Amino acid sequence: ETGVTQSPTHLIKTRGQQVTLRCSSQSGHNTVSWYQQALGQGPQFIFQYYREEENGRGNFPPRFSGLQFPNYSSELNVNALELDDSALYLCASSGYTGELFFGEGSRLTVL
Amino acid sequence: DQQVKQNSPSLSVQEGRISILNCDYTNSMFDYFLWYKKYPAEGPTFLISISSIKDKNEDGRFTVFLNKSAKHLSLHIVPSQPGDSAVYFCAASAETSYDKVIFGPGTSLSVIP
């Protein structure tokens, strides 16, 4: 059984740029959730995708957007990057039980 | 405004002793509570959960207690082992969205050999 994988693991961008983070969900899972974990804080819910549709969103601006593909993999896109966007971005997949299985995260640094 | 609070950023415990991690929540709609454990360079992993219809759930060395009237829960680890050293996140969700989980800021536990 393949777990949740995220790419890239680390990346550095500058203010104003755009970034795309990718996530492959665990086999059999049709729901993907994205979280932002800033330094010293817990993961903050960004949004969730279920069967290619957004299924809930946290308190993040529209420049945070996402996609889910037919194979249930997902992308998180962030436009017009700001310094405060520097964080660990976690993807979690879930199936019918609702239990979240997290990937190792993508660490984004915005300079 | 934080809906899930963990007021102790860190905790140190001697190996073999009990570790008690505390968590408070503000949203009355929460009815399912979880603890996640996170090692450096890894994603959080599920540890134990409790439904609001219970006040205690036990799994091996880990026990979670829920006090709904106080909106408080705690995780007890007995006996603590060095491998338990990690960041522990308390989390909560509501019946309508069990997989939209709200996390607390975490408590870093160090178990000293």
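If you read the protein sequences in the order shown, they are chains A and B. Positions 1 to 111 (the working numbering) are the ones given, in order, by the first sequence. Positions 112 to 224 (the working numbering) are the ones given, in order, by the second sequence. Beta carbons: idealized from backbone N, C-alpha and C, even for Gly. Quick caveat, the model's predicted, so the values are computed rather than measured.
{"Query": "Sheet register partners of A/Q48 (DSSP bridge)", "Result": "A/S33"}
{"Query": "Contact check, B/Q117 vs B/C201, beta carbons under 8 Å", "Result": "yes"}
{"Query": "CA-to-CA distance, A/Q18 to B/L145, given in whole angstroms", "Result": "34 Å"}
{"Query": "Where the stretch 15-31 of chain A meets chain B: residues whose CB sits under 8 Å from a CB there", "Result": "T31"}
{"Query": "Proximity of A/A80 and A/L108 at Cβ, strictly below 8 Å", "Result": "no"}
{"Query": "Contacts of B/A152 in chain A (Cβ-Cβ under 7 Å)", "Result": "E104"}
{"Query": "Contact set between A/F45 and chain B, taken where Cβ atoms lie within less than 9 Å", "Result": "K211, V212, I213, F214"}
{"Query": "B/T156 versus A/G56, A/Y72, A/A92, residue with shortest Cα-Cα distance", "Result": "A/A92"}
{"Query": "Members of the stretch 48-70 of chain A near chain B, C-beta cut-off 7 Å", "Result": "Q48, G56"}
{"Query": "Euclidean distance between Cα positions of B/S221 and B/S196", "Result": "5 Å"}
{"Query": "CB contact flag (B/P120, B/S219, <8 Å)", "Result": "yes"}
{"Query": "Option nearest A/R22 by Cα separation, candidates A/L67, A/G98, A/D84", "Result": "A/L67"}
{"Query": "Three-state secondary structure assigned by DSSP to B/D166", "Result": "coil"}
{"Query": "Assigned exposure category for B/D166 - 16 Cβ within 10 Å defines buried", "Result": "exposed"}
{"Query": "Three-way DSSP call (helix, strand, coil) for B/G194 in this model", "Result": "helix"}
{"Query": "Span separating the alpha-carbon of B/Y147 from that of A/G16", "Result": "34 Å"}
{"Query": "Stretch-stretch touch, CB-based, cutoff 8 Å, three pairs: the stretch 178-195 of chain B with the stretch 122-142 of chain B", "Result": "yes"}
{"Query": "Beta carbon of A/P8 nearer than 8 Å to that of A/S106", "Result": "yes"}
{"Query": "Span of the beta strand (DSSP E) around B/Y147", "Result": "141-149"}
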